[in-house]
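A.B. asks: One structure is given below, represented as structure tokens, and several questions about it will come after.
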Amino acid sequence: MIKKASFLISNTDYKKCPAPTKPEFAFIGRSNVGKSSLVNMLTGNKNLAKTSGKPGKTQLINHFMIDDNWFMVDLPGYGFAKVSKSIKNTWEKMISDYLTNRDNLVALCVLIDSRLDPQKIDLEFITWCGQHEIPFILVFTKSDKQGKSKTFANVAKFLEAAREIFGEDPQYFITSAQTTDGKEELINFIEAEVQEYYDSLK
1 MIKKASFLIS NTDYKKCPAP TKPEFAFIGR SNVGKSSLVN MLTGNKNLAK
51 TSGKPGKTQL INHFMIDDNW FMVDLPGYGF AKVSKSIKNT WEKMISDYLT
101 NRDNLVALCV LIDSRLDPQK IDLEFITWCG QHEIPFILVF TKSDKQGKSK
151 TFANVAKFLE AAREIFGEDP QYFITSAQTT DGKEELINFI EAEVQEYYDS
201 LK
């Protein structure tokens, strides 16, 4: 489990991000998918990432140091943020530059709203990740907002759509920031990947 989490730095340019000396896990998703709430739930610090009911709150690449051992990165959401087209284009370039240039990025956690049928924008984004060989996992959020059968049905639909793109199911987790469902499984996955990262350097 995460014992210590602290904010490091915010940037608009991947070149100014912390030196890539530690494994990195980034979190991204459609605007208002519950990204900041998930980051806060995983770290046990409800004030770590700024949460807002207003889409587009996260506008920078935000780095957090976790247990002095790995970086957690909160990225701007994509999609429905009410911002100008020029700002949206700037965000998209900032995100794509970051994702394609961080050699220490172990996994991109792509957040998917479990209340919804598969969204075109999410499928387009994971397709882009596949095309650019960016390692990603799916993290379904807000699983507490409807019954389990509805959650599982929506997850199954998304996995089926993803299977059509990739020929296999991406690794995935089902979470709730409110009930902490999925917290242990997701942190265990990250910690195992962190260990593997350091082992590979030996």
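Quick note: the sequence shown uses the UniProt record's numbering, first residue 1, plus one each step. By construction, the Cβ of each residue, glycine as well, lies at the ideal position given by its N, Cα and C atoms.
1. In this structure, does DSSP put Gly29 in helix, strand or coil?
2. Classify Ser86: buried if its beta carbon has 16 or more other beta carbons within 10 angstroms, exposed otherwise.
3. Rounded to the nearest angstrom, what separates Ser22 and Leu186 at their Cα positions?
4. Kindly list the residues whose CB is nearer than 6 Å to the CB of Cys109, restricted to its own chain and excluding five residues on each side of it in sequence; keep chain order.
5. For Tyr172, I'd like the list of residues in its chain whose CB is within less than 8 Å of its CB, leaving aside the five on either flank, ordered along the chain.
6. Thinking C-alpha only, which one of Thr43, Lys3, Lys35, Lys16 is nearest Asp183?
7. Have a look at the DSSP bridge pairing and note the partners of Asp74.
8. Please look up how many angstroms separate the CB atoms of Ala177 and Leu38, rounded, as I've assumed it's under 8 Å.
9. Suppose the cutoff is 6 Å on Cβ atoms and the five residues either side in sequence are ignored; what does the same chain contact list for Trp70 look like?
10. Just mark Arg30 as buried or exposed, buried being the case when its beta carbon has 16 or more other beta carbons within 10 Å.
11. Which term fits Thr179, buried or exposed, when burial requires 16 or more other beta carbons within 10 angstroms of its beta carbon?
12. Less than 8 Å between the C-beta atoms of Arg102 and Tyr14, yes or no?
13. For the alpha helix (DSSP H) containing Ala156, list its first residue and its last residue.
14. Can you list, in chain order, the stretches of the alpha helix (DSSP H) that have 4 or more residues and sit fully within the stretch 100-143?
15. Using a Cβ-Cβ cutoff of less than 8 Å, which residues in the same chain neighbour Ile121 once the five nearest sequence positions on both sides are dropped?
16. Among the residues of its own chain, which have a CB less than 7 Å from the CB of Lys142, if the five just before and after it don't count?
17. Identify, in the order they occur along the chain, each residue of the same chain with its Cβ nearer than 6 Å to the Cβ of Thr127, setting aside the five sequence neighbours on each side.
18. Return the residue from the list Asn40, Leu123, Leu75, Asp144 that minimises the CA-CA distance to Ala162.
19. Measure the C-alpha to C-alpha separation of Lys148 and Lys16 and round it to an integer number of angstroms.
20. In whole angstroms, what is the alpha-carbon distance linking Asp67 and Asn45?
21. Counting only C-beta atoms, is Ile66 closer than 8 Å to chain B at any point?
C.D. replies: Result, derived from the coordinates:
1. strand
2. Exposed: under 16 other Cβ atoms inside 10 Å.
3. The residue you asked about is not Ser; residue 22 is Lys in the sequence shown. Rounded to the nearest angstrom, the two C-alpha atoms are 19 Å apart.
4. If we look at Cys109 and ignore the five residues flanking it on each side, its Cβ neighbours are Phe27, Ile137, Val139.
5. Here the set comprises Ile137, Leu138, Val139, Phe140, Val155, Leu159.
6. Position check: residue 183 holds Lys in this sequence, whereas Asp was assumed. When only C-alpha atoms are compared, the closest one is Thr43.
7. Phe27, Asn62
8. 5 Å
9. Contacts found: Lys22, Pro23, Val194.
10. buried
11. exposed
12. yes
13. 148-166
14. 120-131
15. Arg30, Tyr78, Gly79
16. Gly34, Asp113, Ser114, Arg115, Ser176
17. Counting only Cβ-Cβ distances below 6 Å, and skipping sequence neighbours, we find Ile165.
18. Leu123
19. 42 Å
20. 13 Å
21. Given the protein chain composition of this structure (a single chain), no chain B is represented.
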